[in-house]
Amino acid sequence: MARALRGEIRWAELAETRGREQTGPRPVLILSHDVFNDRSETAIAMAITSSPQRVGYPLTWQIPDGLLPRPSWVKVSQLRTLSTQRIGRPIAKLDDEQMDELVSALLELVG
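Numbering (the working numbering), first residue to last: -10 to 100.
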């Protein structure tokens, strides 16, 4: 697996889940910093869904148009630490401003 970089959207295998957790092969957004990912051989990621979300729902962040083939949302409340062995190829990458917006959404959730 190539380095998982902060801000990348990559395919990942989210198996062995419970309840309302996102499961199966799906895109995730890499949240953790590159050094953490390299040293720990894990990455903190957020699941992505293409299921339409309620407007203004604070637990999701809409991915800007054009980055993915379909309208998609980051499930801000669905943080997971993944082994880099679960993480596949890159699909897209958020820029610094977009990452700042996403982190703000996360801070809104955790206070």
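We put the CB at the ideal spot given by N, CA and C, even for glycine.
Nothing here was measured: the structure is a model prediction, and the numbers come from that model.
TODO: State yes or no: is the C-beta of K82 within less than 8 Å of the C-beta of M35?
DONE: Taking the first residue of the sequence shown as 1, we reach residue 82 at position 93. Taking the first residue of the sequence shown as 1, we reach residue 35 at position 46. Against a cut-off of 8 Å, the Cβ pair of M35 and K82 comes out as no contact.
Task: Closest by C-alpha distance to S120, when choosing among T73, G55, G13 - done: The requested residue 120 is not part of the displayed model; the chain covers only -10 to 100.
Open item on the list: Using a Cβ distance threshold of 8 Å, determine whether the stretch -9 to 5 contacts the stretch 83 to 99, with at least three qualifying pairs required.
Closed with: Below 8 Å, enough C-beta pairs join the stretch -9 to 5 and the stretch 83 to 99 to call them touching: three or more.
Task: For A94, the three-state DSSP class (helix, strand or coil) - done: Walking along the sequence shown from the start, residue 94 turns up at place 105. Under the three-state reduction of DSSP, A94 is assigned to helix.
- [ ] Have a look at the DSSP bridge pairing and note the partners of L56.
- [x] Position 67 of the sequence shown holds residue 56. Beta-bridge pairing links L56 to no other residue.
Task: Cross-strand partners of V24 (DSSP beta bridge) - done: Here the question's residue 24 lines up with position 35 in the sequence shown. Answer is none; V24 lacks a bridge partner.
Open item on the list: Strictly by DSSP, which residues pair up with T73?
Closed with: For the purposes of this step, residue 73 is taken as residue 84 along the sequence shown, with counting starting at 1. DSSP, once it has assigned bridges, lists no residue as partnering T73.
Open item on the list: Suppose contacts are defined by Cβ-Cβ distances below 8 Å. Is P14 in contact with L57 by that definition?
Closed with: Position 25 of the sequence shown, counting from 1, holds the residue named residue 14. Position 68 of the sequence shown, counting from 1, holds the residue named residue 57. No, they are not a contact pair.
- [ ] Write down the C-beta distance between I37 and S61 rounded to the nearest angstrom, noting that I regard them as a contact closer than 8 Å.
- [x] Against the sequence shown, residue 37 aligns to sequence position 48. Against the sequence shown, residue 61 aligns to sequence position 72. The pair is a contact, with the Cβ atoms about 5 Å apart (cut-off 8 Å).
Task: Start and end residues, beta strand (DSSP E) containing E30 - done: Looking up residue 30 in the sequence shown gives position 41. Looking at the DSSP string, E30 is not in any beta strand (DSSP E), and its letter there is neither H nor E.
Open item on the list: If I measure Cβ to Cβ from R59 and keep anything under 8 Å in the same chain, skipping five residues before and after, which residues do I get?
Closed with: The sequence position of residue 59 within the sequence shown is 70, counting from 1. Once the five neighbours on either side are set aside, the close Cβ partners of R59 are S39.
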